[in-house]
Ligand code: ADA
């Protein structure tokens, strides 16, 4: 299933996933052939739980004319061949890409996808890390038959206007073959707006329009009202193509150190979540995604941070439907200046940001975009990258605040006050800090937060909303300690209690994200300080069994409302 709702009534689209594909690994060391379920990670397959390298997925497809193949996620590098000819390539597991086949003869064709999850210089973002880069076709694959033109995307931006709403519409139409002039007719809540385009030449065209709506319900956490929007590509009175999406009417602003959702200051009570689930790897079935959201809801969470990459759209759909506030971030975790100087870094980051915003722009649940988690923002070079990426994001979306999570400050462990080392706090709209008092260092939480605020006040970050974007402690599921030792469930629960109370009682913090929702596998290279080759700071384990921390978090999160006074 591609999305949680039907995206076309006119365009002919079928899913090539949710079935078995032929699968093959052939390299100097091993040969394995068989079937693989798509979407899936090969680590799920017997004998491949620890395989890093490349593999081939194959099946046939039956189609003709202008054909578009949409891959929602292949980890991490894909080469797509149709009838043995290279049709497209893509890097990054977590963003979708498409391949256009023009005038394909009608009939059966072979489709081969060569997939690699190898590390090396060609991959600047997927590196050995504190999470796992799995391998495979990890998200759905769609086949679409197109006419001479198709609607590539439509972005909808709601603004409050008097008692009602103004909806800005920005559409992108891809003209594959020269034809007649067309319009894109957008219908929302019974009202239609007509955007005019010209099909005089091939290539992408941008169309703009806006419409005023007076009787729509806003989207908010307690009542996440969604509206279906249908865009139709019309030529000579005929519908040639369509694209259906869902939107919510809400505005996000930052003001006086707060984040406002439709003018109300929100209190973020969230978790950081990796796409990782025991037995499924990063290819999580929708019902398991929903189970995650239900567990989060039970814990009293209202927010989730998609650490450290764009997420499966279906997860975002579920967040839209259930009123979660999502911090979605582009892909990059803990990269040093040396990593950021990889010749592929800029291009791979830029593509990831473009693809993330293009695909996820309309999700009302996404209230903020993030970049560059814990990268080298304490260096002059890191600042150049941060500035460039934030400018790129601002060019794509002015309706959401921007942030990045930093850890570039001292922790006061030497008796000295916390010192801010980050050079970039003037750049984002929201200052976000990943902090681990009671885990990596033992300064009392409240003292540490006070010093952290003081250190931010000495920078251009002063006065901006501030989020604790990570806080937490390790806890091994089933390890109990009467002495409350680190790594025990008792210690983790107690640390989280002190950490969360410290942050939520702090009037200068707009919110908090627990590191992390679930235990996650890490790359082999990260085994040291990561027992079981996992990051064990989850409040549930990799099977979603609650640790003692779950009840501790639930008690605290439920005491604090979703809005600040
Ligand atoms: C960082 C990082 C996370 C994780 C965490 C930890 O803050 O952003 O990805 O590695 O630390 O567990 O130490």
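Numbering (our numbering), first residue to last: 200 to 764. Even glycine gets a Cβ: it sits at the ideal position worked out from N, Cα and C. Just so you know, these numbers come straight off a predicted model, no measurement behind them.
(message) Less than 7 Å separating the Cβ of residue 637 from some heavy atom of the ligand ADA?
(response) Flag unset: Cβ of residue 637 not near the ligand ADA.
(request) Compare the Cα-Cα distances from residue 670 to each of 216, 636, 630, 280 and report the closest residue. (result) For the residues 216, 636, 630, 280, the minimum Cα distance to residue 670 belongs to 636.
(request) Measure how close the beta-carbons of residue 440 and residue 348 come, nearest whole angstrom, since I'm counting them as under 8 Å. (result) 7 Å between Cβ atoms; contact.
(request) Could you check how far apart the C-beta atoms of residue 629 and residue 565 are, in whole angstroms? I think they sit under 8 Å. (result) Taking a contact as a CB-CB distance under 8 Å, the pair residue 629 and residue 565 does not count as one, their CB atoms being some 14 Å apart.
(message) As a quick exercise: from 292, 421, 425, pick the residue whose alpha carbon is nearest that of residue 355.
(response) That would be 425, whose Cα lies nearest to the Cα of residue 355.
(request) Whole angstroms is fine: what's the gap from residue 535's alpha carbon to residue 309's? (result) Each residue's Cα considered, the two are about 42 Å apart.
(request) Note the first and the last residue of the continuous beta strand (DSSP E) segment covering residue 654. (result) Where residue 654 is concerned, there is no enclosing beta strand (DSSP E), although the alpha helix (DSSP H) it sits in stretches over 644 to 656.
(request) State yes or no: is the C-beta of residue 736 nearer than 7 Å to some heavy atom of the ligand ADA? (result) Yes, the beta carbon of residue 736 sits closer than 7 Å to at least one heavy atom of the ligand ADA.
(message) Quick test of the definition: if touching needs 3 or more C-beta pairs under 8 Å, does the segment 677 to 696 touch the segment 645 to 665?
(response) Contact fails: fewer than three Cβ-Cβ distances are below 8 Å.
(message) Spatial neighbours of residue 263 within its chain, please: C-beta separation below 7 Å, excluding the five flanking residues on both sides.
(response) Cβ contact annotation for residue 263 (same chain, cutoff 7 Å, sequence separation greater than five): 303, 304, 305, 306, in chain order.
(request) With DSSP collapsed to three states, give me the class of residue 723. (result) In this structure, DSSP gives residue 723 a helical state, which the three-state scheme calls helix.
(message) Out of 338, 299, 274, which one is the CA nearest neighbour of residue 402?
(response) Selected option, being the one with the closest Cα: 299.
(request) Please list the segments of the beta strand (DSSP E) lying wholly inside the segment 480 to 553, counting only runs of 3 or more residues, in order along the chain. (result) Entirely contained in the segment 480 to 553, the beta strand (DSSP E) runs reaching 3 residues are, in chain order, 502 to 504, 524 to 528.
(request) Going by CA-CA distance only, name the one from 459, 294, 316, 723 that's closest to residue 599. (result) Residue 459 is the option with its Cα nearest to residue 599.
(message) For the pair the segment 491 to 498 and the segment 266 to 279, tell me if three or more CB-CB distances fall below 8 Å.
(response) No, the segment 491 to 498 is not in contact with the segment 266 to 279.
(request) Report all residues from its chain with a CB closer than 7 Å to the CB of residue 693; omit the five preceding and five following residues, and keep chain order. (result) Leaving aside the five residues that flank residue 693 on each side, the residues in its chain whose CB is nearer than 7 Å to its CB run, in chain order, 683.
(request) Would you give the residue range spanned by the alpha helix (DSSP H) that residue 701 belongs to? (result) Boundaries of the alpha helix (DSSP H) around residue 701: 688 to 703.
(request) Return the bridge partner residues of residue 253 from the DSSP annotation. (result) The bridge partners DSSP lists for residue 253 are 315.
(request) Select from 613, 617, 596 the residue whose C-alpha is nearest the C-alpha of residue 606. (result) Residue 606 has its Cα closest to that of 617, out of 613, 617, 596.
(message) Suppose the cutoff is 6 Å on Cβ atoms and the five residues either side in sequence are ignored; what does the same chain contact list for residue 477 look like?
(response) Annotation for residue 477: 741, 742 place their beta carbon closer than 6 Å to its own, counting only its chain and skipping 5 residues before and after.
(request) Please report how far the alpha carbon of residue 213 lies from the alpha carbon of residue 645, in whole angstroms. (result) Cα-Cα distance, rounded: 55 Å.
(message) Can you tell me whether residue 572 sits near the ligand ADA, meaning its C-beta is under 7 Å from at least one heavy atom of the ligand?
(response) Yes.
(message) Beta-carbon within less than 6 Å of residue 393's beta-carbon, same chain only, minus the 5 sequence neighbours each way: which residues are those?
(response) Non-local C-beta neighbours of residue 393 in its own chain, meaning closer than 6 Å and more than five positions away in sequence, comprise 382, 384, ordered along the chain.
(message) Using only CA atoms, which one of 717, 649, 634, 724 lies nearest to residue 675?
(response) If we check each option's Cα against that of residue 675, 717 comes out closest.
(message) Output needed for residue 800: all residues of its chain with C-beta closer than 7 Å, excluding positions within five of it in sequence on either side, in chain order.
(response) Any property of residue 800 remains undetermined from this structure, which presents the chain solely from 200 to 764.
(request) Flag residue 507 as yes when its Cβ comes closer than 7 Å to any non-hydrogen atom of the ligand ADA, and as no otherwise. (result) Between the ligand ADA and residue 507, a heavy atom-to-CB distance of less than 7 Å is present.
(request) For residue 265, count neighbouring Cβ atoms within 10 angstroms of its own Cβ and tell me buried if that reaches 16, exposed if not. (result) Buried, because 16 or more other Cβ atoms sit within 10 Å of the Cβ of residue 265.
(message) Please report the straight-line C-alpha distance between residue 726 and residue 673, rounded to a whole angstrom.
(response) For the pair residue 726 and residue 673, the Cα-to-Cα distance works out to about 14 Å.
(message) I want to check one thing, is the minimum distance from the CB of residue 569 to the heavy atoms of the ligand ADA below 7 Å?
(response) The answer is no for residue 569.
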